[in-house]
Each structure stands twice: as structure tokens, then as C-alpha cells.
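Trainee: In full-length UniProt numbering, the protein residues as written are 1 to 123. Submitted below is the structure of interest, expressed as C-alpha cells.
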Amino acid sequence: MNLPNITHTNVDVFLNREDIILETIAQIMKDFGLFGVEIHFSGHIDEAYHELHQQLIEQIDTLLINNSDLLMSILYQVDISDRDIARTQADFPRYNQVEVIAHQIIFRDLKKVLFRRYFSGKR
């Protein structure tokens, strides 16, 4: 397995295996769970990206209104910077800022999963 070349525009290429999808979802749940924010997954693999994206949009909207400090802590935990958000916004000009942040969270946690698999030799 080569080091994955993941970009914002090719996320779906890497979300083609159930084990990678489930590990990415588990990582998102873990990152949010550290701050008491629950993320749920229905188990429908084919709709995983859309389901997570929508759920993250709702959570991010709520956090922006009620507790932006908590949102900033979550973004720090996930390892997302303002620069990352700006780059994603450029790749997805039709997304609003909340949609961009939600996509960036999925992208970053997928990247963590793929890199962990690469460095552990897991395919």
C-alpha cells in the first residue's frame, strides 16, 4: 500500500471499503465524544458520507450558536486550522462555512485512518 494521496475532492475514492468507513466513523465519534458531543451512525454504509456530513452540519450549527469555544476545542482535537478551512472553501465554493467545516472533519479523520493503516502495514 502506497502512502495515500487524499485530497478534498477525492474523499469518495477512499470511502469505498466498509472497514475504512467504519474506522473513520469511529474516529469522528471518538473526537466528538471527548467533548460530550454524540455522533450517531445508522449503519448504512452507502450513505455514510452524506449521513455524517448532515449530522456534523447540525452539530456545528448548534455549537456555533450555543458554544463556539467547544467547537474550537473539537476542531483543535481533530487538527483543523483556519488555513485548512480556507483551502476547503476554495475547493467547494458552493458550500457554506458550516458545510466546509463538516467536510473538513470527515476529510481529516479519514486521513488519520488511512495514515494509521499505512504506517501499521494494515491494508
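Even for Gly, the Cβ is constructed at its ideal location relative to N, Cα and C. Since we're looking at a predicted model, the values are computed, not measured.
Can you give me the C-alpha to C-alpha distance between N16 and F119, rounded to a whole angstrom?
Mentor: Taking the straight line from one Cα to the other gives about 20 Å.
Trainee: Relative to the alpha-carbon of I28, which residue among D84, I85, D79, R87 has its alpha-carbon at the smallest distance?
Mentor: D79
Trainee: What span of residues does the alpha helix (DSSP H) with F32 cover, start to end?
Mentor: 18-33
Trainee: Go through the region 48-76 residue by residue and report every complete run of the alpha helix (DSSP H) that reaches 4 residues or more, in order.
Mentor: 48-66
Trainee: So for Y95, helix, strand or coil by DSSP?
Mentor: Y95 falls in the coil class under three-state DSSP.
Trainee: Report back the beta-carbon spacing between Q59 and V37 to the nearest angstrom; my notes put them in contact at under 8 Å.
Mentor: 6 Å
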